[in-house]
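Written below as structure tokens is the structure these notes are about.
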Amino acid sequence: MSSITLQNITKRFGEKTALNDLSLTIQDQEFFVLLGPTGAGKTTSLRVIAGLEKQDTGDVLFDGNSMTGAVPAERDVAFVFQQYSLYPNMSVFDNLAFPLRSPLRKLPKGEIERRVKTAAETLRITHLLERKTAKLSGGEMQRVSIGRAIVREPRVYLMDEPLSNLDAKLREALRIELVHLQKTQGSTTVFVTHNQIEALTMAQRIAVLDEGHILQVGTPHEIYDAPATTFVATLVGTPRINLMQASRQDGRIFVKDSSVRLPPLTGIDLPADFLLGVRPEDVRPTNSGEFSGKVALTEPLGVETIVHIRSGENILTSLVPGITPIGVGDEIRFDIVRERLHYFHPTGNRIVVASA
Amino acid sequence: MATRASAPNAPVTISTRVDKVGLRPKVTRAIRALVVVILTVLILLPVVWMVMTSLKSPSDVVAVPPKIIFEPSIESFIFLVTERVQFPTRQEADEFRARDDLKWYEEKVAERGQKITRVGDFPKQLRNSFIIAGTSTIFSVLFGVLSAYAFSRFKIPGEGDLLFFILSTRMLPPVAVTIPIFLMYRELGLDNTYFGLILLYTTFNLSFSVWLLKGFIDEIPKEYEEAALVDGYTRLQAFRKVVLPQAVTGIAATTVFCFIFAWNEYAFAAMLTSDATRTAPPSIPSIQGVGRIEWETIAAASLVFLMPVVIVTFALRKHLLRGVTFGAIRKG
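Just so you know, the sequences run in chain order R and X.
So for the first sequence, this note's numbering puts the first residue at 786; every next one is plus one.
So for the second sequence, this note's numbering puts the first residue at -1; every next one is plus one.
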């Protein structure tokens, strides 16, 4: 297994800049997630690492060695594609054995069989080995596809949205299996997704990308609790973070078009106008709450309920545990957890709170 | 009891499935089968007539009205592969027949008052056809696959222009350029050579084969090759192991079409070949009978000439039916 370093990678497709001076280091044995919306450059990054695309400028290093001149086969990476891409003219066994039969490896027949069997057992697809790939379900296909990656001992696993074409139940099951697999093998994995839940649940570290730029790199905890921009803040977390126009007057925080007023925090230098971010779980309805509002909508999800509270012109979403007796149209009172407020410049960048 | 229409909870007893609307499936199937049978008969009738003619004896061929039931004979095939002379007198013919060292086919010919002088030209012409059509087909498909792959997968400067240029070679009927090509070939010494015709047919077929195969290769998702590339294969190995097996259908179809063109080509073959390299198509109409027009020999020649195309098409029929491509790639 290897560490990966991307140094100032730029990649253009015609007029469009897919990656713009992107730098990144992925540690050995790390489960690293690239998170971002469609067109952010996640897949391009992965393809540059694999050598399927050649960057215009910059360098890709594996364990400190430049891979720029190396073709995909020499980089010894395993790639799991979004669209499974199993070879349709081969059986499942042959698909799994295909990378092992490469002229680069030339493993003896017994060894190939042993490794295919092990991989098949790990992914519980032993009963499918003789089948043609066209006769598999989506979940089975993706297992085979992952199997094709794990039969080898590659330096890096690259996974391009491997779960996004699966149904929700299967996705959850495979998510857990993938993390388990990565832990037991101690493999370096770069996992691309646009799904923030996958990112938060699987990653050791996440890089959030948008339009070819990295916005933030950090642990799921850092990304969630200290989003670097409003973009990151809204991308991660469901329901979305509440973002409100706010201003500072007389040392107090005024939320625009709302009755919410907050005392200032110490150790923070706020501009006159800024954006205030409040996570829905930090909006807590209580009878003794400081603020008041009217319930516009409730969305009971079973484990929790999303309550939309109208306060002035703003609608705040609040996440409360379980099923709540709060009904639409109720006048309720609520509190906002002050220690967990997020402040952003009007441009979107986070205003860092000095360690208080 | 409430009527069905007014009862909101009554089960729906009328099928709304679209495939059940209209004629009963059985009736539709029968009509379809009938149409197929009629078409088949229409198309096959001349072929059947040709086969019958080739199996008739010289006297049955010209019988009026045409005989539907006749005693089959293989004289026509003997005529086809031999060069014969007519005995000048009846007496000489009878004397020749009386000899007891005659082979069975010599005897057959002798019954018609003829003597075999040597092997005919047709077998050689057929062989020429095989060499020229076969080789040019192999080249057309080989170069076609390679360039179609390149056009499909790589960024080529001026790709659109190049493809248009390739297509433009088919924009006028080849016959229109017979004279310039004839003069050019004579100047270059390419007339009456195998190479000359192979080159010509390959050139004509290549544009067709590039375009057809490009369509097929475009449909093979490039993820397959990329998967093979990261699995430790070179571009060429990936092409051979992953792309080719999936392009088989397209390659088979292209092969059949290229072969049929090269095999059937008449105008250039008639003009650019003579004895040594003459192919079958220009020879068949010039079959000269001995003392009369040998319709049965011409029919036999046509039949023999038809067989390779039938065999090639039949052998590749499975691949000619499109729609058997089974993708394991799911479009997201």
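Don't be surprised by glycine CBs; every beta carbon is placed ideally from N, CA and C.
Small disclaimer: the values here were computed from a predicted structure and weren't measured.
Asked	Found
Reference residue 887 of chain R, options X:264, X:234, X:246, X:217, closest by Cα	X:234
First and last residue of the uninterrupted alpha helix (DSSP H) at residue 213 of chain X	192 to 216
Beta-carbon proximity check, residue 294 of chain X vs residue 54 of chain X, cutoff 8 Å	yes
Coil, strand or helix - residue 137 of chain X by DSSP	helix
CB contact check: residue 230 of chain X to chain R, cutoff 8 Å	yes
Segment limits, beta strand (DSSP E) that includes residue 792 of chain R	789 to 798
Closest by C-alpha distance to residue 1108 of chain R, when choosing among R:1090, R:894, R:944, R:988	R:1090
Per-residue contacts from residue 1137 of chain R into chain X (C-beta, under 8 Å)	Under the 8 Å cutoff, chain X gives no residues; its nearest Cβ is about 39 Å from residue 1137 of chain R.
Host beta strand (DSSP E) of residue 998 of chain R (start-end)	998 to 1003
Burial state of residue 138 of chain X (16 or more Cβ within 10 Å)	buried
Those runs of the alpha helix (DSSP H) which lie wholly inside the segment 798 to 842 of chain R and span at least 4 residues	827 to 835
First and last residue of the uninterrupted alpha helix (DSSP H) at residue 183 of chain X	176 to 186
Member of R:803, R:843, R:805, R:984 whose CA lies at the smallest distance from the CA of residue 790 of chain R	R:843
Selected residue, minimal CA-CA separation from residue 972 of chain R, among R:1065, R:1084, R:939	R:939
Residue of R:1084, R:974, R:1042 minimising C-alpha distance to residue 810 of chain R	R:974
Candidates X:77, X:274, X:74, X:227, of which the one nearest residue 837 of chain R by Cα	X:227
Below-8 Å beta-carbon distance, residue 241 of chain X vs any chain R residue	no
Residue from X:40, X:306, X:298, X:314 with nearest C-alpha to residue 59 of chain X	X:298
Distance between residue 154 of chain X and residue 266 of chain X (C-alpha atoms, nearest Å)	34 Å
Backbone CA spacing between residue 1132 of chain R and residue 1032 of chain R [nearest angstrom]	14 Å
For residue 980 of chain R, the three-state DSSP class (helix, strand or coil)	coil
Chain X residues whose Cβ lies nearer than 8 Å to that of residue 890 of chain R	230
Interface residues of the segment 872 to 887 of chain R facing chain X [CB-CB below 7 Å]	872, 873, 874, 883, 884, 887
Within chain R, the residues that residue 222 of chain X reaches when beta carbons sit closer than 7 Å	870, 872
Whole runs of the beta strand (DSSP E) within the segment 78 to 151 of chain X, excluding any shorter than 3 residues	80 to 84, 112 to 117
Closer than 7 Å: residue 27 of chain X CB and nearest the ligand ADP heavy atom	Ligands are entirely absent from the displayed structure, and the ligand ADP is therefore not among its contents.
The segment 105 to 116 of chain X in contact with the segment 86 to 96 of chain X per 3-pair CB rule at 8 Å	yes
Members of the segment 238 to 270 of chain X near chain R, C-beta cut-off 7 Å	240, 243, 244
Pair within 8 Å by beta-carbon distance, residue 935 of chain R and residue 820 of chain R	no
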